[in-house]
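J.: Residue numbers (the numbering used here): 47 to 308. The C-beta atom is built at its ideal place from N, Cα and C for all residues, glycine as well. What follows is a single structure, and I will ask about it in a moment.
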C-alpha cells in the first residue's frame, strides 16, 4: 500500500516541474510585428538612403523579411503610396517613388508654409531638454559631414526639423511634416549635387544655418527664427540639380564614327 503513496507525489512533481517550462517557452516567443512597425522600418530605410528611388518593393520578399504574410504587407504599401513615398503600378507592383521636379518644388513650398509656424510654437513651448536635443542633433550632423557620411548627415538634418515639430506640439502639422521629410529624402537622393565638393558645401551650409536658427530660438525671437527657417529651406532647394528639359542630343557619328582621313 505504500507503493501508490510514494509514486503519486512523484508524478505530481514531474507534472508541476514541467508547467513552468511551458510557461517560459510561451513567454520567450517574440510578439508579432505590427503594421505600424513595418511602416516605420521602411520609412527609416528610406531616410537612411538604403532604399533609393526606383527600388522595387517585392511583396514576397518583404513578407519574408518581416516574418508576416503578404496580406500584411499590402496595406503598408498602400499607406506609403497615399503619402507619395511609394508608387503602385498595376502588374508591376510597388517601387520607391522617383519625384519629379514639380513635386520637389511643391514639397519645399509646403515646408516653407508650415515650418515657420512650427518653429514659433516650439519657441513658446521648448524646454531645456528640447534645446539640448537640437544641439546634439547638429553636433552629430557635423560629425557625419566631417566623416563624409552624407547619408547620415541628410538623415540628421531631417531629424533636426522633426524634433522642432515634435516640440511644437501640433499633431496635425507633425504628421504632415513626417510625410514631407520622407519625400524630401527621396528628393535629395534624386537631385542632390553630383560633385563631392558641391555636396560637401551644401551640407556644411545646412549645419551653419541650423546653428543660426538655433541661436534665434535660444533668444526666443520667433520672427527671426521663422525667417531663418524660410531662408534655410529656400537655400536647400536652390542646391538641387534638375535635368534640363531639352538636353542636347549627342552626335552619334562624332561619338562612334571612325576618324576621317586628313
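Quick one: is residue 182 near chain C, going by C-beta distance under 8 Å?
T.: Of the protein chains in the structure, only one exists, and it is not chain C.
J.: Pairing CB atoms from the segment 195-214 with CB atoms from the segment 79-97, are three or more of them under 8 Å?
T.: yes
J.: From this set, 238, 113, 79, 220, which residue's C-alpha is nearest residue 205's C-alpha?
T.: 220
J.: Please classify residue 265 as buried or exposed, where buried requires at least 16 neighbouring CB atoms within 10 angstroms.
T.: exposed
J.: If you run the structure through DSSP and keep just helix, strand and coil, what is residue 141?
T.: strand
J.: Residue ranges of each alpha helix (DSSP H) run of no fewer than 4 residues wholly in the segment 93-142, ordered along the chain?
T.: Here the runs fully enclosed are 105-112, 116-128.
J.: Is residue 207 helix, strand or coil when you go by DSSP?
T.: Reduced to three states, the DSSP call for residue 207 is helix.
J.: Kindly indicate which three-state DSSP category residue 269 falls into: helix, strand or coil?
T.: helix
J.: Identify whether residue 259 lies in helix, strand or coil by the three-state DSSP scheme.
T.: Looking at residue 259 - three-state DSSP - the assignment turns out to be helix.
J.: At what residues does the alpha helix (DSSP H) containing residue 185 begin and finish?
T.: 174-192
J.: When you compare the CB positions of residue 226 and residue 153, do they come within less than 8 Å of one another, or not?
T.: Yes. Within cutoff.
J.: Measuring alpha carbon to alpha carbon, tell me which of 280, 254, 236, 163 ends up nearest residue 267.
T.: Out of 280, 254, 236, 163, 163 has the C-alpha closest to the C-alpha of residue 267.
J.: When you compare the segment 274-281 with the segment 252-260, are there three or more beta-carbon pairs, one atom per stretch, that lie closer than 8 Å?
T.: yes
J.: Would you mind reading off the limits of the alpha helix (DSSP H) that contains residue 80?
T.: Bounds of any alpha helix (DSSP H) do not take in residue 80, whose DSSP letter is neither H nor E.
J.: Is it buried or exposed for residue 67, if we count other Cβ within 10 angstroms and need 16 for buried?
T.: Its pLDDT being 44, under 50, residue 67 is placed unreliably by the model, and the measurement read from it follows with that caveat. The residue in question, residue 67, is exposed, as its Cβ has fewer than 16 Cβ neighbours within 10 Å.
J.: Where residue 172 and residue 210 are concerned, what is the direct C-alpha to C-alpha distance, given to the nearest angstrom?
T.: 9 Å
J.: Can you tell which of 119, 98, 101 has the C-alpha that lies nearest to the C-alpha of residue 79?
T.: 119
J.: Taking one C-beta from the segment 144-159 and one from the segment 108-119 each time, how about it: are there three or more such pairs within less than 8 Å?
T.: no
J.: Report the rounded CA-to-CA distance for residue 181 versus residue 107, giving the unit in angstroms.
T.: 39 Å
J.: Go ahead and pull the three-state DSSP assignment for residue 216.
T.: Residue 216 falls in the coil class under three-state DSSP.
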